[in-house]
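Letter 22 of the sequence shown, counting from 1, is numbered 21 in numbering that gives the first Met the number 0, and no numbers are missing.
Backbone N, C-alpha and C define an ideal beta-carbon position, used for all residues, glycine too.
Since the structure is predicted, the reported quantities are computational estimates derived from the model, not experimental observations.
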Amino acid sequence: MPTIEIMPSILAADMGNLEAGIRLCEQSGADQIHVDVMDGVFVPNISMGPAAVAMANRVTDLPLDVHLMLLRPQEHIEAFAKAGSDTILIHIEADCDVEDTLKKIRELGCKAGITVNPPTPVDAIFNCLEDGLVDEVLVMSVNPGFGGQSYIADAEAKVAEVRRRYPDMLIAIDGGIDLETVEPAAAHGANLFVAGTSLFKAPDMKIAIAQMRKTAEQAYETQL
Ligand code: DX5
Ligand code: ZN
Numbered sequence: 000m001p002t003i004e005i006m007p008s009i010l011a012a013d014m015g016n017l018e019a020g021i022r023l024c025e026q027s028g029a030d031q032i033h034v035d036v037m038d039g040v041f042v043p044n045i046s047m048g049p050a051a052v053a054m055a056n057r058v059t060d061l062p063l064d065v066h067l068m069l070l071r072p073q074e075h076i077e078a079f080a081k082a083g084s085d086t087i088l089i090h091i092e093a094d095c096d097v098e099d100t101l102k103k104i105r106e107l108g109c110k111a112g113i114t115v116n117p118p119t120p121v122d123a124i125f126n127c128l129e130d131g132l133v134d135e136v137l138v139m140s141v142n143p144g145f146g147g148q149s150y151i152a153d154a155e156a157k158v159a160e161v162r163r164r165y166p167d168m169l170i171a172i173d174g175g176i177d178l179e180t181v182e183p184a185a186a187h188g189a190n191l192f193v194a195g196t197s198l199f200k201a202p203d204m205k206i207a208i209a210q211m212r213k214t215a216e217q218a219y220e221t222q223l
């Protein structure tokens, strides 16, 4: 069984004290830190860049899962690799040669991830998977751009299809993940859970992560 991992999204942290937010994730038992990078073109919002990743890399030894919501990720992967990203995720919808960009991410010494948006059929990513270019699949369960949106359950069928074809793949789900939605997501085969709002708004992040992990582990076992 792939390991269940909880990845807080620091998009939901207090931007006035990002360092404290990252330390809180680490002290609360997070497995990785998810960093949302937005260019204001691929998505309507603008967020963090390589400097934020470099800062996170100084503050924590946890792996950094860097989600590039960029129209032209190929122009920025080198900067994000140098900043200390462990996994760099690009979107299948990006304006780039996706296979070539995934290869370059690995050449830069990082794990390569592919992300699929809610309106995109999951079949779109299977060529890259068949060619063995992908270490992590990220299924969006909200339209990217903002934290705090409602979970779109259609993502579950995509997760299940990837899990059916690739039993050992790392499959992340991102958007609207909380103690309720983590259950069906895990039951369909997700093993990595990105959660921003639900973890940062929790009265005690340590308890919230432990509960999320336990619920996910139990639900994963019952896989639909
Ligand atoms: C959305 C981002 C998500 C977001 C998740 O564009 O990719 O990672 O931060 O936030 P919540 O958990 O609040 O939906
Ligand atoms: Zn994300």
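Short note on residue 196: C-beta closer than 6 Å to some heavy atom of the ligand DX5. Around the ligand ZN, the residues whose beta-carbon falls short of 6 Å from at least one of its heavy atoms are 8, 33, 35, 66, 173, 193, given in chain order.
Distance from the CA of residue 28 to the CA of residue 114, rounded to the nearest whole angstrom, comes to 25 Å.
Contact annotation, residue 103 with residue 76: C-beta distance approximately 6 Å; criterion of less than 8 Å satisfied.
DSSP places residue 99 in the helix class (H, G or I) of the three-state scheme.
Residue pairing by DSSP places residue 173 opposite 139, 193 in a beta bridge. About 4 Å separates the Cβ atoms of residue 121 and residue 157, confirming a contact at the 8 Å cut-off. The secondary-structure analysis by DSSP pairs residue 216 with nothing; it has no beta-bridge partner.
Taking a contact to require three or more Cβ pairs closer than 8 Å, the stretch 21–35 and the stretch 150–170 do not qualify as touching. Where residue 45 is concerned, there is no enclosing alpha helix (DSSP H), because DSSP gives it neither an H nor an E.
For residue 10, the Cβ falls inside the 6 Å cut-off from some heavy atom of the ligand DX5. Residues of the same chain with a CB within less than 7 Å of the CB of residue 215, apart from the 5 flanking positions on each side, are 3, 181, 185, 192 in chain order. Collapsing the DSSP output to three states places residue 209 in a helix. Counting only unbroken stretches of 4 or more residues, the alpha helix (DSSP H) elements lying wholly within the stretch 8–73 are 17–26, 49–58, in sequence order. Contact between the stretch 51–60 and the stretch 86–96 is absent: fewer than three C-beta pairs spanning the two stretches fall below 8 Å.
Distances from the alpha-carbon of residue 74 to those of 54, 49, 53 put 49 closest.
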